[in-house]
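Have a look at the structure below before the remarks.
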Amino acid sequence: MYNTILAYRKLRKWEKAASTLQMYQEKYPAAAKSSGMDIELATIYEEQNQYLKAIEVLQVRVPGD
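Mapped onto the UniProt record's numbering, the consecutive letters of the sequence shown carry residue numbers 1 to 65.
The following block contains the structure:
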């Protein structure tokens, strides 16, 4: 599934990359958390200039900020 996400990013299909990544996070939460998928999702949002969404994703990673 991770390779699919990378392929969507290369093709500049940001929405598909983000939705596939979110699906991965829901299906495999422990693996997604340990592999830094939240950072990957934030990067995808940043590439789309959706900075508020990127911040939301990263705030979950760093509680208290």
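Glycine included, C-beta positions come from ideal geometry on N, C-alpha and C. Owing to the predicted nature of the structure, the values given are computational and were not obtained by experimental measurement.
Scanning its chain for C-beta atoms nearer than 7 Å, with the 5 sequence neighbours on each side dropped, one finds around Ala-42 the residues Ala-54, Val-57 and Leu-58, in chain order. When the beta-carbon positions are compared, Ile-39 and Arg-9 stay at least 9 Å from each other. With a threshold of 16 other beta carbon atoms within 10 Å, Ala-18 meets it and is buried. Burial state of Ala-7 is exposed, judged by a 10 Å Cβ sphere holding fewer than 16 other Cβ atoms. When the five nearest sequence neighbours on each side are left out, the beta carbons in the same chain lying within less than 6 Å of the beta carbon of Gln-48 are those of Trp-14, in order along the chain. Asn-3 carries a helical assignment under DSSP once its states are collapsed to helix, strand and coil.
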